[in-house]
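Student: Handing you a structure now.
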Amino acid sequence: TECEKEPGSLLWVFVMVGNIVRGMGETPIMPLGISYLEDFAKAENSPFYQGCLHTATIIGPFLGLLLASFCAELFVDIGSVGADEITITATDARWVGAWWLGILICALLNLLVGIPFWFLPKSLVKEGETNESEEASEKSVAPLQENDKNESKQTIHAVSIKHHTNSWHYFIPDFFPFLKALFHNPVYMLFICITVLQFSAFDGMISFMPKYLEQQFGKSASDAIFLIGVYNLPVLCVGYFSGGLFMKKFKINVYQAANIAFWVSLLEYLLYFAAFWTVCDTSPVAGLTVSYQ
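Put into structure tokens, the structure is as follows:
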């Protein structure tokens, strides 16, 4: 019997909604995590902590690529199709790996890792300070605060009521002027443009390099994903960690860090230009590079 295809399947909507929810959960980690470190860490230790944070963001994709490499070796219908019934190998263009298995594993791990975030305190003692000094300062100002206690309670109560009843009324008019001020900040916009260029180059390599390795060198999807993860991401981890350690040790300020970032990025792009001289022979493709005969 011929296979009956069901056009118009909406299963892709579940994947899209899942990625949207995942993005909503992952997005606050970087801005709020960095602010958390800046508020409660010493100034000289903050770059090192941020380097560790960025290193962890690279270790995750590295482990994810290793997991994807393992799942790509398994057939997509694992569990319902026996191994003896599969007549193609992982290097065949018709092979489809068990892509859904990695999503289930990562979803479970994300759920388990997210549980400790519920126990993080809202406020911490700044690194290098003690609770005793704060308690002493609170005791010294206690008589002064006693006189204004009733007035402050009334003020806080009025402000809280105003905030809850008119939060959107005050948020919308203030949001667009603040956004306009950010767009007119040259330093901020330059940083955004640099970040977009860097991530677009990295995402392009992650997206198209595996297929290039498959077509040019005859690698399977599993091997291509494994090579991408092993050759690229560990080096990035070393760079992030050593950069944070370097700034901590030599107490690099913002101006010096900008200069270092400029020269290192310039060297990086010059090395990338050297890849244009690394030319491989094009694989024979019927109808394109060679005739069908």
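Residues in the sequence shown are numbered from 652 upward in steps of one, following the numbering used here. C-beta: ideal position from N, C-alpha, C; glycine also.
Using 8 Å as the threshold, is the stretch 712-725 in touch with the stretch 737-753, meaning 3 or more CB pairs across them?
Tutor: In short, these stretches touch, since the Cβ pair count reaches three.
Student: Would you call I823 buried or exposed, if buried means 16 or more other Cβ atoms sit within 10 Å of its Cβ?
Tutor: Answer is exposed; the Cβ neighbour count stays below 16.
Student: Taking 8 Å as the cut-off, decide whether the C-beta atoms of I857 and I843 are in contact.
Tutor: No; because the gap between Cβ atoms is not below 8 Å, this pair is not in contact.
Student: According to the Cβ coordinates, are L896 and F699 closer than 8 Å?
Tutor: Result yes, Cβ atoms of L896 and F699 sit closer than 8 Å.
Student: Going by the DSSP bridge assignment, what does G748 pair with across the sheet?
Tutor: In DSSP, G748 forms a bridge with F726.
Student: Go to G733, then tell me how far its alpha helix (DSSP H) extends in each direction, as first and last residue.
Tutor: Looking at the DSSP string, G733 is not in any alpha helix (DSSP H), and its letter there is neither H nor E.
Student: Tell me the residue span of the alpha helix (DSSP H) that contains E919.
Tutor: Counting along the chain, the alpha helix (DSSP H) containing E919 begins and ends at 905-924.
Student: Are three or more beta carbon pairs between the stretch 685-693 and the stretch 846-866 nearer than 8 Å?
Tutor: Counting Cβ pairs under 8 Å, fewer than three are found: no touch.
Student: With H, G and I counted as helix, E and B as strand and the rest as coil, what does DSSP make of S893?
Tutor: Here S893 sits in helix by DSSP.
Student: What number of angstroms, rounded off, separates the C-alpha of L841 from the C-alpha of D735?
Tutor: If I take the Cα positions, the gap works out to 57 Å.
Student: Should F829 go down as buried or exposed, given a rule of 16 or more other Cβ atoms within 10 Å for buried?
Tutor: Result: exposed.
Student: With DSSP as the reference, identify every bridge partner of V764, one or two as the case may be.
Tutor: Partner(s): none; V764 has no beta bridge.
Student: Check V886 in the structure and name its three-state DSSP category.
Tutor: Helix, per DSSP.
Student: Helix or strand or just coil, what does DSSP make of V619?
Tutor: An answer regarding residue 619 cannot be provided, because it is not within the stretch 652 to 944 covered by the chain.
Student: Determine the burial state of A925: buried for a count of at least 16 other Cβ atoms within 10 Å of its Cβ, exposed for fewer.
Tutor: Burial call: exposed.
Student: My understanding is that I737 touches F726, with C-beta atoms under 8 Å, so please give their C-beta distance in whole angstroms.
Tutor: 6 Å between Cβ atoms; contact.
Student: Take N883 and list the residues in its own chain whose beta-carbon comes closer than 6 Å to its own, dropping the five residues that flank it on each side.
Tutor: Excluding residues within five positions, none has a Cβ falling inside 6 Å.
Student: By how many angstroms is the C-alpha of A694 removed from the C-alpha of V905?
Tutor: Their backbone Cα atoms lie some 11 Å apart in a straight line.
Student: Let me check understanding here. Comparing Cα to Cα, which of G674, F665, D932, G702 lies closest to I986?
Tutor: Any answer about residue 986 is impossible in this case: the structure gives the chain only from 652 up to 944.
Student: Output yes if chain D places a C-beta closer than 8 Å to the C-beta of W769; else output no.
Tutor: Included in the structure is just one protein chain, with no chain D present.
Student: Hey, quick one: how far does the alpha helix (DSSP H) through N836 stretch, first residue to last?
Tutor: Segment: none, N836 is in no alpha helix (DSSP H) and carries neither H nor E.
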